[in-house]
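Heads up: take any position in the sequence shown, counting from 1, add 113, and you land on our numbering. Everything on this sheet refers to the single structure shown next.
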Amino acid sequence: MIKCIADAIDFMSLPAKCMEGTSGVYRVLKKYQSLVRIPLILVLLLTSANSASASLGIVDFFSDFTSSEVIIRASQDHQGKAVFELLDGTNVVESQIVPFKAGAGEEVSKVILWQNKHQRDYYTAKVSIFNDTKLHDNKTYPVSYGTVAMPSFHVVDFSPSNKGVQLLLRPFNPSTVDIKIELLDSNDIIYTKTKEDVSLTSNTELKIDWPFLLNNSEKYTVRVKILTHRLYAEPLINTYIATFTASDDVDILPDDVEVDEYGASVTLRGESQVPFDGFIDISAINRATKLTKTYRQQVEEILVSGKEDTAGVVWKELGSGTYDVRIQAVNKENIALDKYDTVLRIPEVEEVSETPAANGTPELTGYTGFAAIAVVIIVLVAIRRKRGG
Numbered sequence: 114m115i116k117c118i119a120d121a122i123d124f125m126s127l128p129a130k131c132m133e134g135t136s137g138v139y140r141v142l143k144k145y146q147s148l149v150r151i152p153l154i155l156v157l158l159l160t161s162a163n164s165a166s167a168s169l170g171i172v173d174f175f176s177d178f179t180s181s182e183v184i185i186r187a188s189q190d191h192q193g194k195a196v197f198e199l200l201d202g203t204n205v206v207e208s209q210i211v212p213f214k215a216g217a218g219e220e221v222s223k224v225i226l227w228q229n230k231h232q233r234d235y236y237t238a239k240v241s242i243f244n245d246t247k248l249h250d251n252k253t254y255p256v257s258y259g260t261v262a263m264p265s266f267h268v269v270d271f272s273p274s275n276k277g278v279q280l281l282l283r284p285f286n287p288s289t290v291d292i293k294i295e296l297l298d299s300n301d302i303i304y305t306k307t308k309e310d311v312s313l314t315s316n317t318e319l320k321i322d323w324p325f326l327l328n329n330s331e332k333y334t335v336r337v338k339i340l341t342h343r344l345y346a347e348p349l350i351n352t353y354i355a356t357f358t359a360s361d362d363v364d365i366l367p368d369d370v371e372v373d374e375y376g377a378s379v380t381l382r383g384e385s386q387v388p389f390d391g392f393i394d395i396s397a398i399n400r401a402t403k404l405t406k407t408y409r410q411q412v413e414e415i416l417v418s419g420k421e422d423t424a425g426v427v428w429k430e431l432g433s434g435t436y437d438v439r440i441q442a443v444n445k446e447n448i449a450l451d452k453y454d455t456v457l458r459i460p461e462v463e464e465v466s467e468t469p470a471a472n473g474t475p476e477l478t479g480y481t482g483f484a485a486i487a488v489v490i491i492v493l494v495a496i497r498r499k500r501g502g
């Protein structure tokens with residue numbers, strides 16, 4: 114449409130000799146150009162202005178005292194900024210600017226966390242979106258504190274971690290809510306998990322594990338957005354914010370630790386979505402001599418939440434005596450993430466008599482005797498298992 118009007122205006126600017134072979138419509142436009150040209154220019158300007166303003170708009174806007182979120186939709190590529198403001202009447206008490214980039218037909222969400230603690234119970238939140246210096250759209254949202262925005266539940270626990278999120282709600286009155294958990298990276302929502310129509314009639318716990326890997330030492334922000342259903346009104350929305358710094362983490366499983374006179378075996382389980390690629394460190398301190406022996410073994414598997422692997426060491430030059438044994442799970446930065454302590458006694462090796470038995474039957478000595486005893490033990494264990502099964 115805009116192109117057709119522009120072509121008509123350009124055509125009327127041509128000299129008369131250029132009209133040969135043109136249609137009757139264009140000849141009429143040329144004849145009455147003094148009457149038609151100005152209205153066409155006005156229509157072109159208005160159409161262009163409306164088209165430009167409609168190409169970038171705000172789909173939804175929400176705010177409370179904790180955070181604010183805007184959803185922007187573009188009908189063509191745009192790169193601009195969203196200006197968030199918290200107003201006390203006409204006075205701006207806090208302002209934040211967030212850049213955004215939106216492709217044609219794309220919706221983009223931007224979230225900010227209010228930084229200041231405000232003294233009043235009522236404010237107005239406002240967001241304005243600009244492309245360069247041109248204002249394309251703006252919206253406001255009433256922000257209130259106290260009975261107007263008081264939910265029918267109490268957040269007993271909200272604990273995000275390397276593994277996921279744990280949320281515990283205690284209701285004051287029965288209600289039905291939608292719970293949306295969002296993982297934020299700066300001003301962007303990088304993950305969302307929603308539980309709809311959750312009935313709050315008693316203490317309600319919600320656990321969500323992160324389905325992706327986290328970056329070590331990176332600080333993450335988690336927002337819980339709870340929408341309480343109301344019969345004759347829009348849902349009441351309350352948001353809660355918590356942060357954590359991601360790091361690798363493992364547990365030593367006590368029931369799967371084996372320590373004897375030959376060595377030690379340790380099972381580790383991942384407890385974080387930051388991968389653990391580390392070692393087990395084992396130290397044995399002789400209680401009598403205070404002599405310490407240390408051993409290190411690489412864990413073969415890279416561990417994340419719920420994944421297990423077993424590593425072991427064989428004692429070298431560890432003589433008889435009583436030892437305090439400490440087992441540690443250590444990462445690449447030599448930080449001990451978990452530990453387990455136990456005590457080990459290695460008996461003295463008895464000297465083998467070289468005198469043959471009186472009845473002439475040779476005794477089982479040395480490794481031969483040990484092997485025979487081991488075979489007997491294995492057979493007895495197998496018979497016991499067979500009887501028990």
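Glycine included, each C-beta is placed from N, C-alpha and C at the ideal position.
Residue i in three-state terms, based on DSSP
| i | result |
| --- | --- |
| Asp234 | coil |
| Pro460 | coil |
| Pro273 | strand |
| Asp369 | helix |
| His249 | strand |
| Asn286 | coil |
| Thr179 | coil |
| Arg343 | coil |
| Glu309 | strand |
| Arg498 | With a pLDDT of only 42 at Arg498, under the threshold of 50, the placement of this residue in the model should not be trusted, and no figure is reported. |
| Asn351 | strand |
| Gly61 | Past the boundaries of the shown model lies residue 61; the chain is included only from 114 to 502, so the question cannot be answered. |
| Ala165 | Its pLDDT being 44, under 50, Ala165 is placed unreliably by the model, and the measurement read from it follows with that caveat. Of the three classes helix, strand and coil, the one that applies to Ala165 here is helix, per DSSP. |
| Gln209 | strand |
| Leu326 | coil |
| Gly218 | coil |
| Glu374 | coil |
| Leu493 | Legend: pLDDT at Leu493 = 42, less than 50; position of this residue unreliable, value from coordinates given subsequently. In the structure shown, Leu493 sits in a helix (DSSP, three-state: H, G or I). |
| Glu331 | coil |
| Asn244 | strand |
| Gly383 | strand |
| Thr203 | coil |
| Pro264 | coil |
| Ser299 | coil |
| Asp361 | coil |
| Thr314 | coil |
CB contact flag (residue i, residue j, <8 Å)
| i | j | result |
| --- | --- | --- |
| Val290 | Leu340 | yes |
| Val337 | Ile294 | yes |
| Phe357 | Ser433 | no |
| Leu296 | Val372 | no |
| Pro284 | Phe271 | no |
| Gly391 | Ala359 | no |
| Leu450 | Leu416 | no |
| Ile398 | Ile440 | no |
| Ala195 | Gly216 | no |
| Glu318 | Leu281 | yes |
| Gly277 | Asp322 | yes |
| His231 | Gly170 | no |
| Ile459 | Glu374 | yes |
| Val426 | Ile395 | yes |
| Phe220 | Val172 | Correcting the residue identity first, residue 220 is Glu in this sequence and not Phe. Yes. |
| Val370 | Tyr436 | no |
| Thr334 | Ile354 | yes |
| Ile292 | Val268 | no |
| Ala424 | Val412 | yes |
Candidates the options: closest to residue i by CA position
| i | options | result |
| --- | --- | --- |
| Leu387 | Val256, Asn329, Arg233, Ser222 | Here residue 387 turns out to be Val, not Leu, going by the sequence shown. Cα-wise, what sits closest to Val387 is Asn329. |
| Glu430 | Ala355, Glu446, Val205, Lys406 | Lys406 |
| Glu198 | Glu219, Trp227, Val221, Thr334 | Trp227 |
| Ser181 | Lys332, Trp428, Lys445, Thr352 | Thr352 |
| Ile242 | Ile185, Glu207, Leu200 | Ile185 |
| Lys320 | Leu327, Ala238, Gln279, Val379 | Gln279 |
| Val438 | Ser378, Glu414, Asp177 | Ser378 |
| Glu347 | Ser168, Leu169, Phe175 | Phe175 |
| Gln192 | Asn244, Val221, Tyr408 | Asn244 |
| Tyr235 | Gly202, Ala401, Ser222, Asp173 | Gly202 |
| Phe213 | Ser222, Val205, Val206, Glu207 | Ser222 |
| Asp361 | Gly376, Leu313, Ser385 | Ser385 |
| Glu309 | Lys332, Leu326, His342, Pro324 | His342 |
| Lys420 | Arg409, Leu200, Arg233, Asp364 | Asp364 |
| Pro324 | Lys332, Thr314, Thr305, Leu313 | Thr305 |
Supposed contact pair residue j and residue i - C-beta distance, whole angstroms, cut 8 Å
| i | j | result |
| --- | --- | --- |
| Asn300 | Val211 | 5 Å |
| Val240 | Asn229 | At roughly 17 Å, the Cβ-Cβ gap does not stay under 8 Å, so Val240 and Asn229 are not in contact. |
| Asn316 | Phe389 | Incorrect: roughly 33 Å between the Cβ atoms, too far for contact. |
| Asp255 | Thr237 | A quick correction: the sequence has Pro, not Asp, at residue 255. Yes, Pro255 and Thr237 are in contact; Cβ-Cβ is about 6 Å, under 8 Å. |
Any non-hydrogen atom of the ligand MN within 7 Å of residue i CB
| i | result |
| --- | --- |
| Leu416 | As far as ligands go, the structure on display features none, and thus does not contain the ligand MN. |
Inside the segment 385-465 only - beta strand (DSSP E) runs reaching at least 3 residues: Counting only runs of 3 or more residues that sit fully inside the segment 385-465, the beta strand (DSSP E) segments are 392-399, 405-411, 421-427, 434-443, 449-459, in chain order.
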